[in-house]
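The structure appears below as structure tokens.
There are 2 protein chains.
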Amino acid sequence: MNRRQIKSVRRFNREVTRRLGVLSNSFLGRGRPLSEARLLYEIGIRGAEVRDLRTRLELDSGYLSRLLRSLERQGLVRRMQARDDARATTAKLTQKGQSELKTLNRLSDHYAASVLGPLSQDQRERLVASMEEVERLMRAAAVQIAPADPRSPGARASLKAYFRELKDRFEHGFDARKSITADPEELTPPNGYLLLASLDGATIGCGALKIKDRRIGEVKRMWVAPEARGLKIGERLLTALETCALAAGLRTLRLETNRALKEAQQLYRRSGYREVAPFNTEPYAHHWFEKHLGPRPRKPSTDRP
Amino acid sequence: MNRRQIKSVRRFNREVTRRLGVLSNSFLGRGRPLSEARLLYEIGIRGAEVRDLRTRLELDSGYLSRLLRSLERQGLVRRMQARDDARATTAKLTQKGQSELKTLNRLSDHYAASVLGPLSQDQRERLVASMEEVERLMRAAAVQIAPADPRSPGARASLKAYFRELKDRFEHGFDARKSITADPEELTPPNGYLLLASLDGATIGCGALKIKDRRIGEVKRMWVAPEARGLKIGERLLTALETCALAAGLRTLRLETNRALKEAQQLYRRSGYREVAPFNTEPYAHHWFEKHLGPRPRKPSTDRP
DNA sequence: ACTTTTATCTGACTATAGTCAGCAAATGAA
DNA sequence: TTCATTTGCTGACTATAGTCAGATAAAAGT
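Protein sequences appear in the order of chains A and B.
Under the working numbering, the letters of the first sequence match residues 1 to 305, in that order.
Under the working numbering, the letters of the second sequence match residues 1001 to 1305, in that order.
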């Protein structure tokens, strides 16, 4: 990355926060603190559990409780205990709260219209397209990759989703018991590693390294959530696994994959993996790949797991 | 503008403010309130007049004074009276303030680098390009067009810049005394109109309408500041003038222009003006244009002057 | 039965970001 | 000269957005 790019990002930050700040104050802030407005918005028509609100808005539990109480006093929100877990609280909008939310939505629409209004049709299209690109890429940049315990909730959730997808996509389904293992203890250092990709606290991908012997590692469990595809997260996971492998002294990585997973094969080929003769008897595999690692990780990524 | 575009703008607003907010807090907010950091940044190495700071940051004079006092107490800023106007105060950074500013700049750079860091080279280029487009178009959307008194400071400044540019660009220079008049009283309702385009309080363009008789108007003084070109402000000024003209009951608009002003001619042709035989003896003109106004203004713009 | 964890609430406190009325000096126009 | 305006300062006030330590109670583990 260079000076020009950094300058451009800083400039964007400065200008856009200023413009958005002024507008969102004048539109959303009408009579209601922004935090309350956001909270109403986040509760939504269907209601939400308070713990979800806390993680989504990243609020202190005390602060959130106070905000909810304030909304309750204004008659906009009703709090009720969840049936299954009496500790958990669910917040729902009252009739009044729902009409308030509609007003907020209308104001937000007006705000957006005020941005688009002065522009020509052509400019509007270009602005919207660029906004979508910025949002997508800032989301991509916010994805974090970090090693995790294979038994942690995030790990289990992503592995479950991974198996589910294999079952859906393989022509004869998928049964983990018939496949070569990659059990939790095999993915825990020093036997191996599991890396999770997460975005805003939610796990959206995984990738594992199983150390076979002192020289050879196997890449397993490569998966990215459908909603996060196209952000190059597979590349980053793979690069991070290679960094892990190098750090562990490995010189060769191997992997096998099913013919249904076209995009995975593309990723491996792009990343310098060469197809080789089968090196195991994995029943679900149609292609086997191998890569010899250089002394240093490749340049594009700066992940340090 | 349609639902899809509005949704996209709202989504951008929500996501980007959240992401930028988190980051700018964690980077710029280290130990120093954001408003103080912004103020230091705005004062800059060369110092700045307090009144300029107030308009640029849109701060209450009391609040700004307090912020400056706080920075002064911390030994970062020195306040001194301006020589020419003893009411005005100039704020300058002390040695310590300058090194603090350098630290802030370094932190800002780190913040930008943290956004770009996880992305591939290709993604970085695309992000930066989209950011520039968003910024440019949001700036364009923030431009306001409004009628103004031809004697107001903004009007005089833009007319002066306009004459200056004509003088530079016309092959034989330009002398307003030899040209057909468009004096302040001719551009004041009901004799005519002067519209100013402004961005964040600064005047960046003008356009005038001189009403010749009850049916025919003349477009004069069309100018956009060089730094604001490419944002379709000329189009908006012209459309707004046409709206004015229609409201005043005019059915025909005329204008003349010099051959050096290629982009102006393009604008007029694009906007439906047809070249006609000379209708006056303006010595600096090479092309004469005319447009018959329909009963309603064209669609793209929503300016209502 | 017990400890630990999870989910929320409460009170007390702080920081940040303003707003507003009024004052005073300097300036500029009538 | 007079008087309105500009410019900045001060004190008093408010709103917003938190943070933190501890209380409480249900649920889950052991």
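Every residue, glycine too, gets a C-beta built ideally from N, C-alpha and C.
Since the model is a prediction, treat every value here as computed from it, not as a measurement.
Cβ of residue i within 8 Å of any chain A Cβ
{"i": "Val1224 of chain B", "result": "no"}
{"i": "Ala1176 of chain B", "result": "no"}
{"i": "Val1143 of chain B", "result": "yes"}
{"i": "Met1001 of chain B", "result": "yes"}
{"i": "Leu1196 of chain B", "result": "no"}
{"i": "Leu1101 of chain B", "result": "no"}
{"i": "Leu1020 of chain B", "result": "yes"}
{"i": "Arg1304 of chain B", "result": "Confidence is the limiting factor: at Arg1304 of chain B the pLDDT is only 42, short of 50, which leaves the residue's position unreliable and the question unanswerable from this model."}
{"i": "Leu1199 of chain B", "result": "no"}
Chain-order list of residues whose beta-carbon lies under 6 Å from that of residue i (same chain, five-residue window excluded)
{"i": "Lys291 of chain A", "result": "Leu253, Gly272 and Tyr273"}
{"i": "Arg78 of chain A", "result": "Lys92 and Thr94"}
{"i": "Arg1106 of chain B", "result": "none"}
{"i": "Ala82 of chain A", "result": "Ala88 and Thr90"}
{"i": "Leu116 of chain A", "result": "Arg124"}
Test: residue i CB closer than 8 Å to a CB of chain B
{"i": "Ile6 of chain A", "result": "yes"}
{"i": "Pro118 of chain A", "result": "yes"}
{"i": "Thr17 of chain A", "result": "yes"}
{"i": "Ser35 of chain A", "result": "no"}
{"i": "Ala146 of chain A", "result": "no"}
{"i": "Ser179 of chain A", "result": "no"}
{"i": "Arg126 of chain A", "result": "yes"}
{"i": "Glu290 of chain A", "result": "no"}
Coarse secondary structure for residue i, derived from DSSP in three states
{"i": "Lys232 of chain A", "result": "coil"}
{"i": "Leu1253 of chain B", "result": "strand"}
{"i": "Arg1274 of chain B", "result": "strand"}
{"i": "Ser1035 of chain B", "result": "helix"}
{"i": "Pro1184 of chain B", "result": "helix"}
{"i": "Thr243 of chain A", "result": "helix"}
{"i": "Thr1089 of chain B", "result": "strand"}
{"i": "Glu1049 of chain B", "result": "strand"}
{"i": "Pro1147 of chain B", "result": "strand"}
{"i": "Tyr268 of chain A", "result": "helix"}
{"i": "Gln74 of chain A", "result": "coil"}
{"i": "Thr1281 of chain B", "result": "coil"}
{"i": "Ala1202 of chain B", "result": "strand"}
{"i": "Phe174 of chain A", "result": "coil"}
{"i": "Glu263 of chain A", "result": "helix"}
{"i": "Gly991 of chain B", "result": "Within the shown structure, residues of chain B are numbered from 1001 to 1305, placing residue 991 of chain B beyond reach of any answer."}
{"i": "Lys1007 of chain B", "result": "helix"}
{"i": "Leu194 of chain A", "result": "strand"}
{"i": "Arg79 of chain A", "result": "strand"}
{"i": "Gly1062 of chain B", "result": "helix"}
Distance cut-off 7 Å: residue i Cβ against heavy atoms of the ligand FAD
{"i": "Arg124 of chain A", "result": "Absence of the ligand FAD from the depicted structure is noted, as is the absence of any ligand whatsoever, leaving it without description."}
Enclosing alpha helix (DSSP H) for residue i [first to last residue]
{"i": "Ser1108 of chain B", "result": "Gln1095 to Leu1116"}
{"i": "Lys160 of chain A", "result": "Pro153 to Arg169"}
{"i": "Gln1121 of chain B", "result": "Gln1121 to Ala1142"}
Neighbouring residues, chain B, relative to residue i (Cβ below 7 Å)
{"i": "Glu171 of chain A", "result": "By Cβ distance, chain B contributes nothing, its closest Cβ being about 33 Å from Glu171 of chain A, past 7 Å."}
Per-residue contacts from residue i into chain A (C-beta, under 9 Å)
{"i": "Glu1132 of chain B", "result": "Ser8, Arg11, Phe12 and Ser130"}
7 Å Cβ cut-off: residues of chain A touching residue i
{"i": "Gln1123 of chain B", "result": "Leu137, Ala140 and Lys232"}
{"i": "Arg1054 of chain B", "result": "Correct list: empty, because the minimum Cβ distance to chain A is about 15 Å."}
Closer than 8 Å at the beta carbon, the chain B residues around residue i
{"i": "Ala113 of chain A", "result": "Met1001 and Ile1006"}
{"i": "Asp109 of chain A", "result": "Ile1006 and Arg1010"}
Own chain, CB closer than 7 Å to residue i, minus 5 neighbours either side, in chain order
{"i": "His286 of chain A", "result": "Asn258 and Arg259"}
{"i": "Lys1212 of chain B", "result": "Glu1218"}
{"i": "Gly192 of chain A", "result": "Glu186, Ala208, Leu209, Lys210 and Ile211"}
{"i": "Gly1249 of chain B", "result": "Arg1214"}
{"i": "Ala245 of chain A", "result": "Leu209, Gly217, Leu253 and Leu293"}
{"i": "Arg51 of chain A", "result": "Ala88"}
Amino acids of chain A, ordered along the chain, whose beta-carbon sits closer than 8 Å to that of residue i
{"i": "Arg1236 of chain B", "result": "Pro118"}
{"i": "Ser1024 of chain B", "result": "Asn13 and Thr17"}
Same chain only: Cβ atoms within 8 Å of residue i, ignoring 5 sequence neighbours per side
{"i": "Ala146 of chain A", "result": "Leu195, Leu196, Ser198 and Pro305"}
Range covered by the beta strand (DSSP E) that runs through residue i
{"i": "Asp221 of chain A", "result": "Checking the displayed sequence, the identity of residue 221 of chain A turns out to be Arg instead of Asp. Ile216 to Val224 is the extent of the beta strand (DSSP E) around Arg221 of chain A."}
{"i": "Glu290 of chain A", "result": "His287 to His292"}
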